[in-house]
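Taking mature numbering (1 follows the signal peptide of the UniProt record, and there is no 0), I'd label the letters of the sequence shown as residues -22 to -1, 1 to 530.
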Amino acid sequence: MPPTFLQWLSLVAMILLQSINGTNSNFPAYSSQLKHVLSMSQIQLNNLAFASDAGKLLGWLSGIAANYLPMWLVLILGSSLGLVGYGVQYLFLIGRVSNLPYGAVFFLAMLAGNSICWINTVCYLVAIRNFPLDGQLVIGLTGSYQGLSAKIYTDIVDVIYPSSDGKRARAYLLLSSILPLIVSVITAPLVRVIKVMKTKRAKDAFIFILVITIATGAFAVMGSIGSTSSLLSPFASAVGMLTLLLAPLLIPLGLGLRHQIKQLAEEKVHIEEINNVSMDKMESGVKLDISEIVSESQSESFELSFSSTSEEFNGEIRESNNGDDRISDTNEVISVIEEIGVKVMLRRLNFWLYFFVYLFGVTLALVFFNNLGQIAESRGRSASSLVSLSSSFGFFGRLVPSIVEYFVSRRKYMISRPAFVVALMAPTGAAFFLLLANDTSVLWLYISTAIIGVCSGAITTISVSLTTELFGTKNFGVNHNVLVVNIPIGSLLFGYLAAVGYHKEGNAEGKCFGMECYRKTFSLWGTLCFIGTFLALILYARTRKFYNSQRS
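Structure, rendered in structure tokens:
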């Protein structure tokens, strides 16, 4: 098989991995039952949501591991952490593990949250190394599938337990523990770094996979909206989603088939040429030296073999792979402001601007999603429908930067990612204030959730490219995991404040109903998001010269 087959097969593997890697987005679906079983307060429940995010505090370990271990091993280690973290919680809910103290549940949630970082790191690094000219596009495209995780898990749970809330909560935990490990074992042989010597942009293949991805997102959104979700049975919805997730396999299979057909055609031509040469020599009365024919045939066969393995078609590559799939340097392809390690990065003003922009944008959105269970309950709505909605629109949000990247890069222009972030932060802040509207039909709740999902998803995708451009590729695995340390910090701080506000407005049983439960919280979050917008403007001004210089 040509190297391109392995290159595109690794992309399909990354799509499958990311599609089941957003296990933390399932928390609202089982948090209420966990709260009931452990007899927790809202503040204690918030601390469990923080624990899942706190696992990212040690996410940098996956970056270091990727420098020394094969990618398949990093992948299996990460998914095994999730198996333990979510699996023991599941055994506790079904009564197989008794007397599990709150502290142990906190640690298990932290362990499960850390597992996500390992799979993310593998996917990011393989994307950057295997697609050096389109690395940012591939990262955004594959990462967008993580936004679909909650929708995918919900589809599976709908098939197994369509109505029982208690069983559904346990099913979410069971799936979160075993599904990432199963997919990791299946894809481990495919997620490998190919040492690229030369590559071309694969226009047709990328257009095809973007069409599939958009279709997948449209299918997910239609299944999340009440008026259209009833058109398909849960089983049909799950089968449709699985079919769309496997559809990108058509690309490597098509490339492999093309290669085989071309190779057979070349071998046929080669045999005919040998026969023609032999006939010519026989007709001229020249005795053939058998050793000369064998030597000539071997020489031509070697030339054919070398030609076929270095063949190029729509992004096919010439590669030399000695089996070492640890990270390699492709810095000659990706434009960066500077190439620095984490110690130097922490002394840069750009890092701290970036840090707080992320804190007041993506992290705030994640805290909002973690609280969707209680927000939905306070408005008298289903948590599952809101989780599915936020997941589907988050998917499209993650995909938007990839589409923009694809078409802008064709014109040899480098878009300013800080400017992109500014354009996304402002609507997010406005969406938090829309949640304050006195809406008996909860229309604004659904609209705001969709806006926050789209914008935060887009910023999440952009942040991967922005980290690379600001601080380089050599230490990306560690640098980016240091950046996302702000997620557990924000989760603890913002989530605690939200829990305190909820508790003050709640009844004697610790439950709160109505608009007042989160009114002050949404006002605070909206204000902080607009502050983050201003900080993003400053970062844009400081990096504007670099992005302007990339125009050609």
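C-beta atoms are modelled at their ideal positions from N, C-alpha and C, and glycine is treated no differently. As the structure is a prediction and not an experimental result, all values here were calculated from the model.
Spatial distance of residue i from residue j (CA atoms)
i	j	result
Leu71	Leu35	27 angstroms
Leu242	Leu233	14 angstroms
Gln433	His248	The question names Gln, yet the displayed sequence has Cys at residue 433. Cα to Cα, the separation comes out at about 57 angstroms.
residue 539	Arg359	Outside the shown range of the chain (-22 to 530) lies residue 539, about which nothing can therefore be said.
Val62	Leu89	8 angstroms
Phe329	Met323	6 angstroms
Ile21	Gly339	22 angstroms
Val460	Leu342	18 angstroms
Gln(-16)	Phe109	8 angstroms
Asp182	Tyr384	12 angstroms
Leu228	Ala198	21 angstroms
Lys246	Leu220	40 angstroms
Trp503	Ile393	28 angstroms
Tyr102	Asn2	19 angstroms
Ile295	Ile106	With a pLDDT of only 40 at Ile295, under the threshold of 50, the placement of this residue in the model should not be trusted, and no figure is reported.
Leu188	Ala214	23 angstroms
Leu210	Val52	38 angstroms
Val420	Ile192	28 angstroms
Asn77	Ala166	36 angstroms
Trp50	Glu251	45 angstroms
Ile381	Met200	21 angstroms
Cβ neighbours of residue i in the same chain (closer than 7 angstroms, five flanking residues each side left out)
i	result
Val378	Ala436
Ala428	Leu367, Phe371
Leu364	Leu350, Ala354, Thr427
Leu157	Ile(-3)
Ser155	Gly60, Leu61, Tyr64, Gly65, Tyr68
Pro405	Ile429, Cys433
Leu422	For clarity, residue 422 is Trp in the given sequence; the question names Leu instead. Answer for Trp422: Leu412, Leu413, Ala415, listed in chain order.
Ile509	Phe338
Leu(-14)	Leu168, Pro230
Leu402	Cys433, Ala436, Ile437
Same chain, Cβ closer than 8 angstroms to residue i, neighbours up to 5 away in sequence not counted
i	result
Tyr496	Asn349, Ile353, Ser356, Leu413, Ala476, Gly479, Tyr480
Ile516	Leu331
Tyr80	Leu16, Met18, Gln22
Leu471	none
Val442	Tyr102, Gln114, Ile117, Gly118, Gly121, His458
Pro212	Asp133, Asp136, Val137, Pro140
Gly144	Gln11
C-beta atoms of residue i and residue j nearer than 7 angstroms
i	j	result
Phe398	Gly125	no
Leu223	Ser(-4)	yes
Pro230	Phe(-18)	yes
Ser30	Ala87	yes
Gly60	Ser93	yes
Arg146	Val135	yes
Ala514	Val335	yes
His458	Thr445	yes
Gly484	Asn24	no
Glu317	Lys452	yes
Asn45	Tyr131	no
Gly431	Gly375	yes
Tyr518	Val400	yes
Glu447	Val314	yes
Ser362	Phe28	no
Val171	Val75	no
Residue span of the alpha helix (DSSP H) that contains residue i, given as start and end
i	result
Asn526	497 to 527
Ser441	421 to 449
Arg74	It is not in any alpha helix (DSSP H) - Arg74 carries neither H nor E in the DSSP assignment.
Thr194	181 to 202
Thr1	No alpha helix (DSSP H) holds Thr1; DSSP gives it neither H nor E.
Ile353	350 to 356
residue 531	No answer is possible for residue 531: it lies beyond the span of the chain, which begins at -22 and ends at 530.
Val320	320 to 323
Pro466	464 to 483
Gln124	Here Gln124 belongs to no alpha helix (DSSP H), and DSSP marks it neither H nor E.
Gly41	38 to 46
Phe85	80 to 108
Tyr332	327 to 336
Met219	212 to 224
Beta-carbon contacts of residue i that lie in its chain and below 6 angstroms, excluding the five residues immediately before and after
i	result
Ile467	none
Gly56	Ser93, Trp96, Ile97
residue 536	Outside the displayed span of the chain (-22 to 530) sits residue 536, for which this structure offers no information.
Val456	Trp38, Gly41, Val320
Thr521	Pro396
Gly(-1)	Gln124, Ser127
Pro347	The identity of residue 347 in the sequence shown is Phe, whereas the question assumes Pro. Once the five neighbours on either side are set aside, the close Cβ partners of Phe347 are Ser368.
Asn464	Phe333, Tyr336, Leu337, Thr341
Test: residue i CB closer than 7 angstroms to a CB of chain D
i	result
Ser17	Any reference to chain D falls outside this structure, which holds one protein chain only.
- request: Decide if the segment 25 to 39 is in contact with the segment 143 to 162; the criterion is three or more beta carbon pairs, one per stretch, under 8 angstroms apart.
  value: no
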